[in-house]
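Residues in the sequence shown are numbered from 1382 upward in steps of one, following the working numbering. C-beta: ideal position from N, C-alpha, C; glycine also. Keep in mind the model is a prediction, meaning the values are calculated, not measured.
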Amino acid sequence: MINEEAEICSNPSKREHDVLVSTGEQITISKLCMCLEKLGYAAISYTGWQVPIITNGVFGNARIKDIDTSKIEKNLQEGKIVVIAGFQGVDEELNITTLGRGGSDTTAVAIAASLNADRCEIYTDVDGVYSADPRIVKDVSKIDTISYDEMLELASMGAKVLHNRCVEIGKKYDIPIYVKSTFEKESRGTLVTKSDYLEDLLISGVAKEDKIARITLIGKNNKIGRIYRIFRLLADNNINVDIIVQAFGEHISKDISFTVKEQDLNEALEILNENADEFDIEEIKSSTGMSKVSIVGIGISNNPGVAATLFEVLYENNINMHMISTSEIKISVLVNSNVAETAMKAIHDRFIGKETVLI
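As structure tokens, then:
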């Protein structure tokens, strides 16, 4: 699909791009139903607009607003297997939309929630959720059960097993999510569920997200409402801001640094430069080639030595931190991408690979 698109236009409209890329799922669901029918099972397929799965109108990264389950429930009562295309929907003006990265998982959990299902099973190429990416870190351990909050943080911090949006839906509607291997018949996988059933493990996992850019705004003064207007403008242009650090400079100036995805950097800089005078921005700086490395665990809030141990590990490996962000169950640091894997391995070894000793 990408090659065909590139042959026609290097920068197609987002609407037409969604129309094109949504066809892949349409081919897949029809072929799957043909296979099921050949095996003697009654099956029926639906695209996102046929269900329909109603979304907002943000092409390429739409969010689900509602799902009409009447057709699905009728077919299930008739004993049919219902196969629904993931990753796609339709807005209120009947434009085809796609849900962005992780859209198929998001669709699956959203449908499970709409049907009040007992659980949702996600089959992927790995047998569950691991304490770190096994392609980067050796001696990782598989997590049998993890809370929605921990999984949400890991997904948001760069773990690629589940997308954070599908975990958000699972948590909101209390739909247990099983992550299992497509290729292992006896796969037990990982259960993502309420934290009530869990012991407060210190650290559940370490995650890394690459292609992060940092923007720093050096301000002339500290006017009320200045920060609000800056971030409202970025939000209105669908630019997601992650880590935010505010620092007071000399006198009453206020400097702000924040991160965005590298793919959004040019658009963000263009918007900020166009409005620099209005926002009293004296200078705009940006940096690329950065990664966010994070540790996640319910036990972080009850162990004050976690942050100190994390910083010690980075110091021992001569890794500089550019920004820090914390919550009750996670700590994230922004580092140069060329040392991110080293940081991830060292952190995993200290917290998970062997008995943890906190400072």
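Using a C-beta cut-off of 8 Å, the stretch 1707-1725 makes contact with the stretch 1510-1525, since at least three inter-stretch Cβ pairs fall below that distance. Three or more Cβ pairs closer than 8 Å define a contact, and the stretch 1638-1647 meets that threshold against the stretch 1667-1678. Listed in chain order, the beta strand (DSSP E) runs fully inside the stretch 1536-1573 are 1558-1562, counting runs of at least 3 residues.
With respect to the 9 Å criterion, Val1521 and Val1542 are not classified as neighbours on the basis of their beta carbons. Put simply, the stretch 1652-1659 does not touch the stretch 1693-1708. Fewer than three CB pairs are less than 8 Å apart.
Here Phe1564 is exposed: its Cβ has fewer than 16 other Cβ atoms, across all protein chains shown, within 10 Å. If you look at Ile1611, you'll find it in the alpha helix (DSSP H) that goes 1607-1617. Rounded to the nearest angstrom, the gap between the Cα atoms of Ile1624 and Ser1706 is 6 Å.
In this structure the stretch 1463-1477 does not lie against the stretch 1498-1511, because fewer than three pairs of beta carbons, one per stretch, are closer than 8 Å. One alpha carbon belongs to Thr1478, the other to Asp1486, and they sit about 16 Å apart. Ranked by how close their Cα comes to the Cα of Gly1484, the residues Glu1531, His1544, Ala1494, Asn1456 have His1544 in first place. Along the stretch 1643-1730, the alpha helix (DSSP H) occurs as fully enclosed runs of 4 or more residues at 1643-1655, 1687-1697, 1721-1729, listed in sequence order. Following the DSSP letters along the chain, one finds Glu1502 in no alpha helix (DSSP H) but inside the beta strand (DSSP E) bounded by residues 1501-1505. Taking 9 Å as the cut-off, the Cβ atoms of Ile1527 and Gly1586 count as close.
Taking the Cα positions, Gly1441 is about 8 Å away from Arg1396. Where Asp1399 is concerned, the enclosing alpha helix (DSSP H) starts and stops at 1395-1402. Secondary structure at Phe1468: coil, using DSSP grouped into helix, strand and coil. Nearest C-alpha to Ala1424 among Pro1433, Cys1414, Cys1547: Cys1414. Distance from Val1400 to Glu1534 at the Cβ level is roughly 34 Å; contact not present, criterion being Cβ atoms closer than 8 Å. Between Ile1448 and Ser1403, the gap from beta carbon to beta carbon reaches 9 Å or more. Of the other Cβ atoms in all chains shown, 16 or more fall within 10 Å of the Cβ of Cys1547; this residue is therefore buried. Here Asp1530 carries a helix assignment [DSSP, helix/strand/coil]. Secondary structure at Ile1448: strand, using DSSP grouped into helix, strand and coil. Only residues of its own chain outside the window of five on either side were considered, and among them Val1490, Ala1491, Ala1494 have a CB closer than 6 Å to the CB of Ile1550, listed in chain order. Apart from sequence neighbours up to five positions away, the residues of its chain that approach Gly1509 with a beta-carbon distance below 8 Å are Lys1523, Ile1524, Asp1525, Val1542, Val1560, Lys1561, Ser1562, Ser1568, Arg1569, Gly1570, Thr1571, ordered along the chain. Counting along the chain, Thr1597 sits inside the beta strand (DSSP E) bounded by residues 1586-1600. Between the C-alpha atoms of Val1463 and Thr1488 there is a straight-line separation of about 14 Å. Residue burial is scored here from C-beta neighbours: Arg1595 has at least 16 other C-beta atoms within 10 angstroms and is therefore classed as buried. Going by DSSP, Thr1479 is part of the beta strand (DSSP E) stretching over 1477-1479.
Between Ile1665 and Leu1417, the alpha-carbon positions lie close to 57 Å from each other. Taking 8 Å as the upper bound for CB-CB distance, Ser1682 and Ile1710 are in contact here, some 7 Å apart. Around the CB of Leu1475, fewer than 16 other CB atoms lie within 10 Å, so the residue is classed as exposed.
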